[in-house]
Amino acid sequence: MGTQAQPLAFRDGSEWEAWLEANHATEGEAWLLIGKKNSGAPLLAIEDALDGALCFGWIDGQRKGFDESSFLQRYSKRSSRSSWSRVNVGKAEALIASGRMQPGGFAQIEAAKADGRWEAAYESQRTTEIPDDATAAIAADPAAAVAFEQLGRTARYALILPLLKARTPESRAKLLAGVVRKLAAGA
49 MGTQAQPLAF
59 RDGSEWEAWL
69 EANHATEGEA
79 WLLIGKKNSG
89 APLLAIEDAL
99 DGALCFGWID
109 GQRKGFDESS
119 FLQRYSKRSS
129 RSSWSRVNVG
139 KAEALIASGR
149 MQPGGFAQIE
159 AAKADGRWEA
169 AYESQRTTEI
179 PDDATAAIAA
189 DPAAAVAFEQ
199 LGRTARYALI
209 LPLLKARTPE
219 SRAKLLAGVV
229 RKLAAGA
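To convert, take the position in the sequence shown, counting from 1, and add 48; that gives our numbering.
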């Protein structure tokens, strides 16, 4: 098992997928050493790492710096409540079409389709729009509106992401009220 202290290092996606084939059902997580773009490091690329993880029902998680040519990325079994991004839905569909999806990945997809997580997949930072109700609620509180306007795109997305992942209208309403309070308080 790859840990933060002793991460797994693979040269390519086939090595990572071979490890997953042997270990995805028994290991809960693995920290991988990922080569930075254009570093020339003979390490697994981030795109290949995610594709392999999705094939076996795993997902990417925490990322940490390592050195000038690589970083650490945590991968783990997808939990039964794990939300899906539209990016990963698209990747999973492409993996199915190419014949690479494995039983563990299919099981996670079927579970997500059955409980609505697949259909409720959230937008990526690049494509997301601030929902109209959030825009209206923030605008209705002058202090919140000023604070929101001062945020950059990444900070706005981080603030709104829980709304995009909310499973029920009630939880979304609570989250939105919390966003407005947080902004108004200057946090």
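All residues carry an ideal CB built from backbone N, CA and C; glycine is no exception.
Our contact map puts L81 next to S118 with C-beta atoms below 8 Å; I'd like the distance itself, whole angstroms only. The Cβ separation is near 5 Å, so the contact holds.
Ends of the alpha helix (DSSP H) at Q121? The continuous stretches of alpha helix (DSSP H) do not include Q121, which lies in the beta strand (DSSP E) extending over residues 118 to 125.
Can you give me the Cβ contacts of A169 inside the same chain, cut-off strictly under 7 Å, excluding the 5 residues immediately before and after it? Excluding positions up to five away in sequence, the list reads W132, S133, R134, V137.
Residue range of the unbroken beta strand (DSSP E) whose run includes G109: Residues 106 to 115.
Helix, strand or coil at L81 according to DSSP, with G and I counted as helix: The answer is strand: DSSP assigns L81 an E or B state.
Would you give the residue range spanned by the alpha helix (DSSP H) that D180 belongs to? Counting along the chain, the alpha helix (DSSP H) containing D180 begins and ends at 180 to 187.
Give me, in chain order, the residues of the same chain whose beta-carbon lies closer than 7 Å to that of A57; leave out the 5 immediate sequence neighbours on both sides. Counting only Cβ-Cβ distances below 7 Å, and skipping sequence neighbours, we find L81, L91.
Note down the Cα distance separating G109 from G164, rounded to an integer number of angstroms. Note on geometry: alpha-carbon atoms of G109 and G164 lie some 22 Å from one another.
Leaving out five residues on either side along the sequence, give the residues of the same chain with a beta carbon under 7 Å from the beta carbon of R148. Taken in chain order, the residues that qualify are C103.
Is A57 helix, strand or coil when you go by DSSP? It is a strand residue.
Between K230 and R201, what straight-line distance do the alpha-carbon atoms span, to the nearest angstrom? Going by the C-alpha atoms only, they are around 17 Å apart.
Residues of its chain near E65, where Cβ-Cβ distance is below 6 Å and the 5 sequence neighbours each way are ignored: Within the same chain, E65 has close Cβ partners G100.
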